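Residue numbers (the working numbering): 16 to 327.
We treat Cβ as the ideally placed atom computed from N, Cα and C, and that holds for glycine.
Small disclaimer: the values here were computed from a predicted structure and weren't measured.
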Amino acid sequence: MRDKVELSVVIPVYQAEACLQELYKRLTESLRRIGHDYEIILVEDCSRDNSWDIIEAICNSDSKVKGIKLSRNFGQHFAITAGLNYVKGEWTIVMDCDLQDRPDEIPNLYKKAQEGRDIVYARRVERQDKLFKRLSSKVFHLIYDYLSGLKTDPNIANFGIYHHKVICEYNRMKEVARSFPSLVNYLGFKTCVIDVRHSERFEGKSSYSLNKLIKLSTDVILSNSNKPLKLTVKLGFFISLLSFLLALYNVFARFAGIIKLEGFTTTIFSIWFVGGLILLVLGIVGLYISKIFDQVKERQLFIISNEINVEK
Numbered sequence: 016m017r018d019k020v021e022l023s024v025v026i027p028v029y030q031a032e033a034c035l036q037e038l039y040k041r042l043t044e045s046l047r048r049i050g051h052d053y054e055i056i057l058v059e060d061c062s063r064d065n066s067w068d069i070i071e072a073i074c075n076s077d078s079k080v081k082g083i084k085l086s087r088n089f090g091q092h093f094a095i096t097a098g099l100n101y102v103k104g105e106w107t108i109v110m111d112c113d114l115q116d117r118p119d120e121i122p123n124l125y126k127k128a129q130e131g132r133d134i135v136y137a138r139r140v141e142r143q144d145k146l147f148k149r150l151s152s153k154v155f156h157l158i159y160d161y162l163s164g165l166k167t168d169p170n171i172a173n174f175g176i177y178h179h180k181v182i183c184e185y186n187r188m189k190e191v192a193r194s195f196p197s198l199v200n201y202l203g204f205k206t207c208v209i210d211v212r213h214s215e216r217f218e219g220k221s222s223y224s225l226n227k228l229i230k231l232s233t234d235v236i237l238s239n240s241n242k243p244l245k246l247t248v249k250l251g252f253f254i255s256l257l258s259f260l261l262a263l264y265n266v267f268a269r270f271a272g273i274i275k276l277e278g279f280t281t282t283i284f285s286i287w288f289v290g291g292l293i294l295l296v297l298g299i300v301g302l303y304i305s306k307i308f309d310q311v312k313e314r315q316l317f318i319i320s321n322e323i324n325v326e327k
């Protein structure tokens with residue numbers, strides 16, 4: 016049976032040596048406004064900088080802080096999953112390490128959660144992200160909403176507070192294509208949203224490159240919707256119908272003497288066009304098959320190489 020605390024905070028850490036001490040300072044100040052019954056879990060996602068050394072120092076000076084180091088860079092959402100497997104809190108806060116998610120908003124989230132909600136999402140007002148990130152987020156959510164049939168908010172991400180029963184159900188989910196917000200959204204429960212302030216990054220820039228954003232977006236969409244497959248069926252039916260109608264028109268026009276059936280260029284164009292569509296459809300099917308392949312391997316979602324202040 017777990018040795019319960021009131022509040023757990025799970026933070027994935029990557030390339031964050033410049034802000035970890037400030038993060039710890041602001042976190043403890045904010046959490047002590049609620050009480051002293053808390054724990055902080057820092058999950059280091061195999062950074063190339065000295066993040067782990069700083070986490071070790073913080074853990075050695077404060078037993079309420081737990082350090083978990085992954086064996087390689089698994090990614091943000093897998094790091095969150097690793098941390099959630101260690102929480103003892105009745106409530107769990109999930110937030111980023113770059114201080115854009117403000118620790119001083121935690122008491123507001125906790126207060127709202129006491130009104131009988133299982134999940135309280137933090138909606139960022141006046142986002143301080145760069146223009147490209149804001150635009151790419153909006154485009155992704157538009158596409159995702161269309162393909163999934165859901166209505167999501169681009170200003171809501173990981174930051175929020177979650178009851179222990181939500182975390183227990185989340186930990187039972189073993190999807191390899193992992194996105195914390197989309198999996199939590201699937202779970203249901205009583206939810207609400209509060210507006211929170213959003214800060215600029217304390218230092219540095221986002222570790223999400225364009226390729227990583229595209230991969231994450233593709234994983235999330237394919238894992239939560241089969242609409243791309245349905246669209247390819249509709250596209251195939253439309254092309255077949257169009258081809259049949261064009262064939263009828265050409266036969267009629269030939270016998271009516273309107274046109275002569277020469278059209279070598281048209282034939283080549285049609286072959287290339289249909290060939291491209293076939294490759295597109297095969298590519299979409301192949302992506303789904305690759306996700307099935309990844310899932311049936313049943314590999315670990317994460318591997319831990321080191322732990323500090325973690326009870327065995």
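Kindly indicate which residue of the options has the alpha-carbon position closest to the one of residue i.
i: V80; options: A128, L38, R117 and L297; result: L38
i: F174; options: D119, I158, L202 and E184; result: D119
i: D52; options: E184, K19 and V28; result: K19
i: S66; options: F89, L42, Y303 and P27; result: P27
Alpha carbon to alpha carbon, how far is residue j from residue i? Give it in angstroms, no decimals.
i: E105; j: F195; result: 19 Å
i: G290; j: G251; result: 12 Å
i: I94; j: V58; result: Here residue 94 is Ala; the residue named in the question, Ile, does not match the sequence. For A94 and V58, the distance between alpha carbons rounds to 6 Å.
i: A31; j: D111; result: 10 Å
i: P169; j: E141; result: 12 Å
i: L46; j: D309; result: 39 Å
i: D210; j: F259; result: 55 Å
i: K189; j: S76; result: 35 Å
i: L85; j: K249; result: 44 Å
i: N186; j: S320; result: 20 Å
i: E326; j: K103; result: 11 Å
Using a Cβ-Cβ cut-off of 6 Å (strictly less than) and excluding sequence neighbours within five positions of residue i, which residues of its own chain qualify?
i: R48; result: P122
i: Y177; result: T107 and I134
i: R87; result: C61
i: T206; result: I134
For residue i and residue j, which I take to be in contact (beta-carbon distance under 8 Å), what is that distance rounded to the nearest angstrom?
i: L22; j: Y125; result: 7 Å
i: L244; j: I299; result: 7 Å
Give me, in chain order, the residues of the same chain whose beta-carbon lies closer than 8 Å to that of residue i; leave out the 5 immediate sequence neighbours on both sides.
i: I254; result: V289 and L292
i: K180; result: D133 and F204
i: I73; result: L35, Q36, Y39, L57, V80 and G82
i: K306; result: V191, A192, D234, L237 and S238
If I measure Cβ to Cβ from residue i and keep anything under 7 Å in the same chain, skipping five residues before and after, which residues do I get?
i: D64; result: Q30 and E32
i: A172; result: P196
i: G323; result: This sequence places Ile at residue 323; Gly is not what is there. Excluding sequence neighbours, I323 sits near E71, C74, K81 and G82.
i: R139; result: N170, V211 and H213
i: H92; result: R193, S194 and F195
Less than 7 Å between the CB of residue i and some heavy atom of the ligand NAP, yes or no?
i: R139; result: Ligands are entirely absent from the displayed structure, and the ligand NAP is therefore not among its contents.
At 4 residues or longer, what runs of the alpha helix (DSSP H) sit wholly inside the stretch 54-78? Whole alpha helix (DSSP H) segments, 4+ residues: 66-76.
Taking only runs of the alpha helix (DSSP H) that begin and end inside the stretch 22-58, which ones reach a length of at least 4 residues, in chain order? You should have 35-47.
Counting only runs that start and end within the stretch 230-271, where is the alpha helix (DSSP H) found for 4 or more residues in a row? Listed in chain order, the complete alpha helix (DSSP H) runs (minimum 4 residues) inside the stretch 230-271 are 242-271.
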